[in-house]
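What follows is a short report on a single structure.
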Amino acid sequence: MTTLAEASGISAIRQSLAARRRRVTILLLAALLAAIAASLYLGDYPVAPDAIVRSLLSPLTGEINRGVDFIVLNVRLPRTTLAILTGVAFGLSGAIFQTLLRNPLASPDIIGISHGASAAAVICMLVFGITGLGVSMGALAGAMLTAFAIYALAWRGGVTPYRVVLVGIAIAAIMGAVISYLFTRARLQEAQEALAWLVGSLNAANLNDILPLAGALVVLVPATVYLVRSLDVLQLGDDAAIALGNRVEPTKLALIVVAVAHAAFATAAAGPVAFVAFVAGPIARALLAGAGGGFLQSALVGAIVMLGSDMVAQHALPATQLPVGVVTGIFGAGFLLWFLASANRQGRGG
Amino acid sequence: MTGAKPMTTRHTLAATGMHLAYGAREVVSNLDIAIPPGKLTVIVGANACGKSTMLRGLARLLTPTHGTVLLDGKSIHAMSTREVATILGVLPQSPTAPESIVVADLVGRGRYPHQGWFRRWTAEDDAAVAEALAATDTLELADRPVDELSGGQRQRVWIAMALAQKTDFLLLDEPTTFLDINHQVEVLDLLTDLMRGGRTVVVVLHDLNLACRYADHIVAMKAGRLVAEGRPVEVVTEELVRDVFSMDSRVVVDPVSQTPMIVPIGRHHAQARVEV
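As given, the protein sequences belong to chains A and B, one line each in that order.
Mapped onto the numbering used here, the consecutive letters of the first sequence carry residue numbers 1 to 350.
Mapped onto the numbering used here, the consecutive letters of the second sequence carry residue numbers 1001 to 1276.
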């Protein structure tokens, strides 16, 4: 029996697919490490690489160098950490949604989840005058409620991908209208603050942003690892998944909850940073070129895109720090145009 | 007719008093059927007669509103769906292949019910995939992307995926639709091979003549009810065709297989027949 598998090269094919996944993962890890190093090194205040390393190790070594420690540990490291964590969460959220709904457009920033979080956050800021952590909690609740509403409205004895996407796009439009309405009634100062949040930013990242997200990821990442195996068969369609012994509806619900939680906590921490969730999966899949897998790689791509965009946002214009959402927005829009053009060429039409 | 099969245990599949509905619309009413083990059963009927729906009911893809589906005498919906998936393989009507997936990977998905969180890929899985590819004559396609295959090749790959599941039962919903006639025959020859290898095969087909040729057991449906079942030579008559398809025809003997062959009459050619 084994001889047939060996003779026919089945094991070899599977091993070569696994090898390609490994190569892509190593490449992405290397790129992420380079981005982390760059993000800790770049800045207005020059710090030598060896001083950065010493400062990073200072909690272990007890060595103190106040000025450098402040720059590295209190300014740059939190920002880098928050970029990685939000990137991972957005990347996983987008990849789960796109795979589950079998539609590359079905990322949380297109099917209304981010818009729900934004509307809730804007309501917190403009209607109730809440700031800080309260806004994040509001965004979290908004994302969850919106996802529940989409799921309920799309439900017809089960949820079909197409209905979720259409209902989601409608919800996104409604939430956009809510936000616009609130802006027309706001005072200028408040509106400016709310707008800054809406663009999504890692400026002034601190432990209050990082800890809730890190805590959530401690639960969500293992849950994701456990659940994505089901996507191997859910991708083939509901009937095929049932036929292969998957409990389809509970599994889909669990996947949606996890994907929404990823997007919700990331949005609460950094605002609805545009398009990171949308681009991570397709970039990872393009690199993998049919080698299977894709979730670990999407998480890494998300982190790299977030970190890279934030570096551009910080350093592209002299003396001005852009919000990271401006950069990801431009990058993501370009990617969307390229994606639609190439999908049309292949006759698939996204 | 077909003789004993080298299968150690023989599983059984039956439905009693099965009603199936989509929402409020009932599609199959009070249907009793027992699938003959070790044979190739073909379900036929006009469009929207409920033949695919019945197959989905038998395959537990659709839960009956009344009645039960019995796998080995136990209610199929009371069993764990994974346990069912080791006995009963299903190829649904339009499964979707993930973009740029490779044939070996897709066929490997058929091993899902045999794997778990702690039992990942093994040599046995590789062997099952290789056997499934060999049985469907798709071994040489193993490293090709599914996107690049022809319709007939793709259908054989999907059947290979269901075969990799290594189940006694194989249920297929219109596996020959959209295929050229040569590929249709190819797929049905393959299903016959699988039946002779010891599997019980149930297949929904559009083409009545191919159904008559390949079926050990034919099941004719009309408006959600079972109209006739049995060996094609015994049940397929001009009256049955008129009843099921509302069409006049002549039933002659297929010169190749000696099975019934349906020749439709239609409005324009009835006269010509007399003149000849």
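Backbone N, C-alpha and C fix where the C-beta goes; we use that ideal spot for every residue, glycine too.
This structure is a prediction, so every number in the text was calculated from the model and none was measured.
Step through the CB atoms of chain A and report whether any lies within less than 8 Å of the CB of residue 1205 (chain B).
Translated into the one-based positions of the second sequence, residue 1205 (chain B) becomes position 205. Chain A contact via Cβ: absent.
C-alpha gap between residue 1039 (chain B) and residue 1025 (chain B), whole angstroms
Working through the second sequence from its first residue, we reach residue 1039 (chain B) at position 39. Working through the second sequence from its first residue, we reach residue 1025 (chain B) at position 25. Roughly 32 Å separates the two Cα atoms.
Starting from residue 1169 (chain B), trace the beta strand (DSSP E) both ways and give me its first and last residue.
Residue 1169 (chain B) sits at position 169 when you count from the first residue of the second sequence. Where residue 1169 (chain B) is concerned, the enclosing beta strand (DSSP E) starts and stops at 1169-1173.
When the cut-off is 8 Å and only beta carbons count, does residue 289 (chain A) lie next to chain B?
On the first sequence, residue 289 (chain A) is found 289 positions in, with the first residue counted as 1. Yes, residue 289 (chain A) counts as interfacial toward chain B.
Pick helix, strand or coil for residue 1261 (chain B), following the three-state DSSP scheme.
Stepping through the second sequence from its first residue, residue 1261 (chain B) is reached at position 261. Residue state, collapsed to three classes: strand.
What is the rounded straight-line gap between the Cα of residue 1238 (chain B) and the Cα of residue 1229 (chain B)?
The sequence position of residue 1238 (chain B) within the second sequence is 238, counting from 1. The sequence position of residue 1229 (chain B) within the second sequence is 229, counting from 1. Their backbone Cα atoms lie some 15 Å apart in a straight line.
Are the beta-carbon atoms belonging to residue 269 (chain A) and residue 212 (chain A) less than 8 Å from one another?
Residue mapping note: residue 269 (chain A) aligns to position 269 of the first sequence, counting from 1. Residue mapping note: residue 212 (chain A) aligns to position 212 of the first sequence, counting from 1. Result yes, Cβ atoms of residue 269 (chain A) and residue 212 (chain A) sit closer than 8 Å.
Within the region 1168-1214 of chain B, ranges of the alpha helix (DSSP H) (whole runs, at least 4 residues):
1181-1196 and 1208-1214
Residue 295 (chain A): buried (16+ other C-beta within 10 angstroms of its C-beta) or exposed?
Your numbering for residue 295 (chain A) matches position 295 in the first sequence. When all chains shown are included, residue 295 (chain A) counts as buried.
Span of the beta strand (DSSP E) around residue 1021 (chain B):
Sequence index remark: in the second sequence, residue 1021 (chain B) carries index 21 (1-based). 1013-1022 is the extent of the beta strand (DSSP E) around residue 1021 (chain B).
Listing by chain order, which chain B residues have their CB less than 7 Å from the CB of residue 236 (chain A)?
Here residue 236 (chain A) refers to the residue found at position 236 of the first sequence. Within 7 Å Cβ-Cβ: 1095, 1096 and 1109.
Proximal residues to residue 1053 (chain B) (C-beta, below 6 Å), its chain only, five neighbours per side dropped
Position 53 of the second sequence, counted from the start, is the residue given in the question as residue 1053 (chain B). Counting only Cβ-Cβ distances below 6 Å, and skipping sequence neighbours, we find 1020, 1027 and 1028.
For the candidate residues B:1131, B:1079 and B:1146, whose alpha-carbon lies nearest to that of residue 1098 (chain B)?
By 1-based counting over the second sequence, the position of residue 1098 (chain B) is 98. Of the candidates B:1131, B:1079 and B:1146, the one whose C-alpha sits nearest the C-alpha of residue 1098 (chain B) is B:1146.
I need the DSSP call for residue 208 (chain A), collapsed to helix, strand or coil.
To locate residue 208 (chain A), count along the first sequence from 1; it is residue 208. If DSSP states are grouped into helix, strand and coil, residue 208 (chain A) belongs with the helices.
Report the three-state DSSP secondary structure of residue 1006 (chain B) (helix, strand or coil).
Counting from 1 along the second sequence, the entry for residue 1006 (chain B) is found at position 6. In this prediction, residue 1006 (chain B) scores a pLDDT of 47, lower than 50, which makes its location untrustworthy; the coordinate-derived value is nonetheless stated afterwards. In the structure shown, residue 1006 (chain B) sits in coil (DSSP, three-state: anything other than H, G, I, E or B).
Would residue 349 (chain A) be called buried (16 or more neighbouring beta carbons within 10 Å of its own) or exposed?
Start at 1 with the first residue of the first sequence, and residue 349 (chain A) comes out as number 349. Only weak support exists for where residue 349 (chain A) lies, its pLDDT of 41 falling under 50; the value from the coordinates is given anyway. Per the 10 Å Cβ criterion, exposed.
Residues within the region 156-182 of chain A neighbouring chain B, beta-carbon criterion of under 9 Å:
156 and 157
CB residue 1056 (chain B) to CB residue 1103 (chain B), shorter than 8 Å?
As a first step, residue 1056 (chain B) must be located in the second sequence, where it is residue number 56. As a first step, residue 1103 (chain B) must be located in the second sequence, where it is residue number 103. Contact: no.
Sheet register partners of residue 1251 (chain B) (DSSP bridge)
If you number the second sequence from 1, residue 1251 (chain B) lands on position 251. Note: residue 1251 (chain B) sits in a beta bridge opposite B:1262.
Excluding the 5 residues preceding and the 5 following residue 56 (chain A) in the sequence, name in chain order all residues of the same chain whose CB lies nearer than 7 Å to its CB.
Residue 56 (chain A) sits at position 56 when you count from the first residue of the first sequence. Cβ within range, chain order: 72.
First through last residue of the alpha helix (DSSP H) which encompasses residue 1059 (chain B)
Within the second sequence, the letter at position 59 stands for residue 1059 (chain B). No alpha helix (DSSP H) contains residue 1059 (chain B), which DSSP labels as neither H nor E.
Three or more C-beta pairs under 8 Å: does that hold for the region 1159-1178 of chain B against the region 1087-1098 of chain B?
yes
Three-state secondary structure (DSSP) of residue 1 (chain A):
Numbered from its first residue, the first sequence carries residue 1 (chain A) at position 1. Legend: pLDDT at residue 1 (chain A) = 46, less than 50; position of this residue unreliable, value from coordinates given subsequently. Note: residue 1 (chain A) maps to coil in three-state DSSP.
Output needed in chain order: residues of the region 238-267 of chain A with a Cβ under 9 Å from some Cβ in chain B.
238, 239, 240, 241, 242, 243, 244, 245, 246, 247 and 248
Within the same chain, show all residues whose beta-carbon is closer than 6 Å to that of residue 1014 (chain B), passing over the 5 residues directly before and after it, in chain order.
To locate residue 1014 (chain B), count along the second sequence from 1; it is residue 14. For residue 1014 (chain B), where only same-chain residues beyond five positions count, the Cβ hits under 6 Å are 1034 and 1070.
Hey, residue 329 (chain A) and residue 261 (chain A) are a contact pair by Cβ (cut 8 Å); roughly how many whole angstroms apart?
As a working mapping, residue 329 (chain A) is identified with position 329 in the first sequence. As a working mapping, residue 261 (chain A) is identified with position 261 in the first sequence. Going by Cβ atoms, the distance from residue 329 (chain A) to residue 261 (chain A) rounds to 24 Å, so no, they are not a contact pair.
Between the C-alpha atoms of residue 279 (chain A) and residue 1044 (chain B), what's the straight-line distance to the nearest angstrom?
Numbered from 1 along the first sequence, position 279 holds the residue referred to as residue 279 (chain A). Numbered from 1 along the second sequence, position 44 holds the residue referred to as residue 1044 (chain B). If I take the Cα positions, the gap works out to 47 Å.
Give the interface partners of residue 1101 (chain B) over in chain A, defined as CB-CB distance under 7 Å, in chain order.
As a working note, residue 1101 (chain B) is residue 101 in the second sequence. Within 7 Å Cβ-Cβ: 290.
Smallest Cα separation from residue 1236 (chain B): which of B:1208, B:1083, B:1125 and B:1223?
Here residue 1236 (chain B) refers to the residue found at position 236 of the second sequence. It is B:1208.
Distance between residue 1049 (chain B) and residue 1261 (chain B) (C-alpha atoms, nearest Å)
Numbered from 1 along the second sequence, position 261 holds the residue referred to as residue 1261 (chain B). Numbered from 1 along the second sequence, position 49 holds the residue referred to as residue 1049 (chain B). For residue 1261 (chain B) and residue 1049 (chain B), the distance between alpha carbons rounds to 21 Å.
Just the C-alpha distance for residue 1138 (chain B) and residue 103 (chain A), rounded to the nearest angstrom, thanks.
As a position in the second sequence, residue 1138 (chain B) is number 138, starting the count at 1. As a position in the first sequence, residue 103 (chain A) is number 103, starting the count at 1. If you take the alpha carbons of residue 1138 (chain B) and residue 103 (chain A), they lie about 29 Å apart.
Return the CA-CA distance between residue 1082 (chain B) and residue 244 (chain A), expressed in angstroms with no decimal places.
What you label residue 1082 (chain B) is simply residue 82 of the second sequence in a count that begins at 1. What you label residue 244 (chain A) is simply residue 244 of the first sequence in a count that begins at 1. The C-alpha of residue 244 (chain A) is placed about 7 Å away from the C-alpha of residue 1082 (chain B).
Would you mind working out which of A:247, A:120 and A:313 sits nearest residue 1060 (chain B), comparing C-alpha positions?
Sequence index remark: in the second sequence, residue 1060 (chain B) carries index 60 (1-based). Among A:247, A:120 and A:313, the Cα nearest to that of residue 1060 (chain B) belongs to A:247.
Can you give the beta carbon distance from residue 1204 (chain B) to residue 1074 (chain B), rounded, assuming they're within the 8 Å contact cut?
The residue labelled residue 1204 (chain B) in the question sits at position 204 within the second sequence. The residue labelled residue 1074 (chain B) in the question sits at position 74 within the second sequence. 24 Å between Cβ atoms; not a contact.
Beta-carbon contacts of residue 301 (chain A) that lie in its chain and below 7 Å, excluding the five residues immediately before and after:
Numbered from its first residue, the first sequence carries residue 301 (chain A) at position 301. Closer than 7 Å at Cβ, skipping near neighbours: 28, 91, 280, 283 and 284.
For residue 1190 (chain B) and residue 1135 (chain B), what's the separation of their Cα atoms in angstroms?
Reading the second sequence from its first residue, position 190 is the one you call residue 1190 (chain B). Reading the second sequence from its first residue, position 135 is the one you call residue 1135 (chain B). If you take the alpha carbons of residue 1190 (chain B) and residue 1135 (chain B), they lie about 8 Å apart.
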